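One structure below.
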Amino acid sequence: MASASRRLLLKTYSAWIEADAAFRAAQSNVAGFFPGRETHLSVQIGNRGSKVRQLYNARQRALEKLQLARRQALMEREARRGRARVNLLLVYAG
């Protein structure tokens, strides 16, 4: 993986981790306001304009950027693998 694409991938992964942690923290704080509503299938993201919704949207954007960076890194890796390597043997008989 080229160093630029690798740095981009690591940077976007780090941004997604931070966004996910912030969203999960906000979600657990919201769960304290509504006891008894916790199920593993429900995700409380709040109304438009709410802090939890903003964190959810930021997390989604970070995930989309991460997926694009990963796709770009994989395409670069495949392009490098596809290049033919030519070894040239020069023989001098003098």
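Numbering (my numbering), first residue to last: 9 to 102. Note that beta-carbon positions come from the ideal geometry of N, C-alpha and C, so glycine has one too. None of these values were measured; they are calculated from a predicted model.
May I have the straight-line CA-CA distance separating Ala23 from Arg91, to the nearest angstrom? Distance between the alpha carbons of Ala23 and Arg91 is about 32 Å.
In the structure shown, what three-state DSSP assignment does Ile25 receive? In this structure, Ile25 counts as helix in the three-state DSSP scheme.
Whole angstroms is fine: what's the gap from Leu82's alpha carbon to Lys59's? 35 Å
What three-state label does DSSP hand Met9 in the structure shown? Low per-residue confidence applies at Met9: pLDDT is 48, beneath 50, and the placement is therefore not dependable, though the value from the model is reported in the following sentence. Looking at Met9 - three-state DSSP - the assignment turns out to be coil, as it is neither helix nor strand.
Taking all protein chains shown into account, decide if Met9 is buried (16 or more other Cβ within 10 angstroms of its Cβ) or exposed. Low per-residue confidence applies at Met9: pLDDT is 48, beneath 50, and the placement is therefore not dependable enough to give any value.
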